[in-house]
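To keep things clear, I will list the structure first and then write my remarks on it.
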Amino acid sequence: MITYNERRFILLYLSTFAVFAVIAPYLSIMVRDLGYSPLWVGILLTVYEGAGIAGPFIFGYCADKTGSYKYPLLVSCGLPALAAIPLVLWVHPAFNAILLALMAIGIKSNLSLVDAITTINIEKRENYGKIRVWGSVCFIFVTLFLQWTRFMKPVSAVNISRWVTVFSLVSIVPILLLNENIFKFSSEKRTVQPDGKAADDSVTPVVNPFYVLGGFGIIFLSRLAMAAIYSYFPLYIIEEIKWNAVGILYALSSLSELPFMFLSARLIRRFGPIHLLAVSAAGICLRLLILSLFPFKPFIVAAQLLHSLCFGIYYPAAIYFTASVFSDKNRGKGMSVFLALGSGLPSLIGILVGGAVIEAIGFRFLFFLYACVAGLAVVIYAFLRKRQSF
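For any residue, its number in our numbering is found by taking its place in the sequence shown, counting from 1, and adding 176.
If you want it as structure tokens, here you go:
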């Protein structure tokens, strides 16, 4: 069970993932509705992901330097609200690129900071999944609400930008309500062993380089493969399948991740993060192959259920792995490294290549190509096992 102190962080995840519930399903649709071709959608989303790499490093450095996460969090929540409406009022590639960059800096930095302060403060880091699961619950409710609401229905760029603004402003509220002490770094936190299975306050972790490089390699390739789904799956559903069910499908995938997210502490203690990351990579490979080879609604639903492996297992394991490598006093920078290698950089590459592939060959070849990328992550795991690097 999580303690009262740990439960306080649930508010931050609820508000953060309300914003993600708009961005994840609808960002590519919003950019496409501005009149851009798939190639230009890919270019602009690449700018978005590129800025998402820089933002967490800047905000994480500021938080680690000052010892307080409160004001970096407030700024990161406000940036999407400032950028969303102007983004759709003046359509020009350069102007839109700048505003998308500001949105990315805010959104990616917000999640990075929330993850950092949570993993610093919770008593058992393997309990992270039990707290993070509430972000997924919020994501499900908001995506379903947006799918079925008749008020500002997110079928146009203007309405999508309005919802980004509303939920970004709402995300500021928990930061103002929570006790300021929880946003401050305490040097008395324990450290975690890099084997991903035990913690000892008195011991400084000794990092196996093969373990670190291999782990981040699996994280990088897994996220690169998932770029095909995170960025282009909504367009695939609307433009190729002709199915107006983006919100429902995203809610379904998030629902499937809940049991594994909740059980992640037990799974991490039993197997360790590297083994779980490998299982996730295999799930990503299978999911992409299904989308590539069987473009029919029942198979698409089945593929969405594999999000239980692709994210429900992947994300807690990746967060725990990162926390085991970086000490508490460097946690802000550590989570920035995770977002860079586990989100920003692979997304940037995946989106840019993906837009060109879709325009030249189509969605199904994109999914097959990125299934091979996920397969490469499994090969890295096999190499680590052979060397017994964990």
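Every residue gets a Cβ at the ideal spot worked out from N, C-alpha and C, and that includes glycine. A quick note: this is a predicted structure, and the numbers were derived from the prediction, not measured.
Around the Cβ of Pro271, are there at least 16 other Cβ atoms within 10 angstroms (buried) or fewer (exposed)? Correcting the residue identity first, residue 271 is Phe in this sequence and not Pro. Classification of Phe271: exposed, given that the 10 Å Cβ count is below 16.
So for Leu188, helix, strand or coil by DSSP? helix
Does DSSP put Ser503 in a helix, a strand or coil? coil
Cβ of Pro350 within 8 Å of Cβ of Ser191? yes
Pull up the DSSP beta-bridge partners for Ser244, would you. Lys360
Coarse secondary structure for Ser432, derived from DSSP in three states: helix
Between Ile444, Leu453, Leu462, which has its C-alpha nearest Ile394's C-alpha? Among Ile444, Leu453, Leu462, the Cα nearest to that of Ile394 belongs to Leu453.
Going by alpha carbons, who is nearest to Trp419 out of Gln323, Asn335, Ile534, Phe359? Gln323
Cα-Cα, which of Gly243, Phe317, Gly236 is closest to Asn286? Gly236
What's the C-alpha gap between Leu515 and Met437? Roughly 19 Å between the two C-alpha positions.
Out of curiosity, what's the CA-to-CA distance linking Val388 and Ala273? 34 Å
Nearest to Leu250 by CA position, among Leu353, Asp209, Leu524, Arg208, is which residue? Selected option, being the one with the closest Cα: Leu353.
Which word fits Ala550, buried or exposed, when buried means at least 16 other C-beta atoms lie within 10 angstroms of its C-beta? buried
When you compare only the Cα positions, how much space is there between Ile219 and Ile525? 10 Å
Apart from the five residues just before and just after Ser429, which ones in its own chain have a Cβ nearer than 6 Å to its Cβ? The beta carbon of Ser429 sits closer than 6 Å to those of Gln480, His483, all from its chain and outside the five residues before and after it, given in chain order.
Go to Phe559, then tell me how far its alpha helix (DSSP H) extends in each direction, as first and last residue. 539-563
Exposure of Thr179, with buried meaning 16 or more beta-carbon neighbours within 10 Å: exposed
Spatially closest choice to Ile234 from Phe497, Gly510, Pro410, by CA coordinates: Gly510
Would you grab the beta carbon distance between Leu568 and Ser523 for me? Rounded to a whole angstrom, and I think it's under 8 Å. Absent from the model: residue 568. The displayed extent of the chain is 177 to 566, so no value can be given.
Sort Gly518, Ile186, Tyr408, Val267 by Cα distance to Gly311 and report the nearest one. The option with the nearest alpha carbon to Gly311 is Ile186.
Roughly how many angstroms lie between the CA atoms of Leu465 and Ala197, to the nearest whole one? 25 Å
Assign Ala260 to one of two classes, buried (16 or more other C-beta atoms within 10 Å of its C-beta) or exposed (fewer than that). buried
Compare the beta carbon distance of Leu560 and Ile417 with 8 Å and say whether it is the shorter of the two. no
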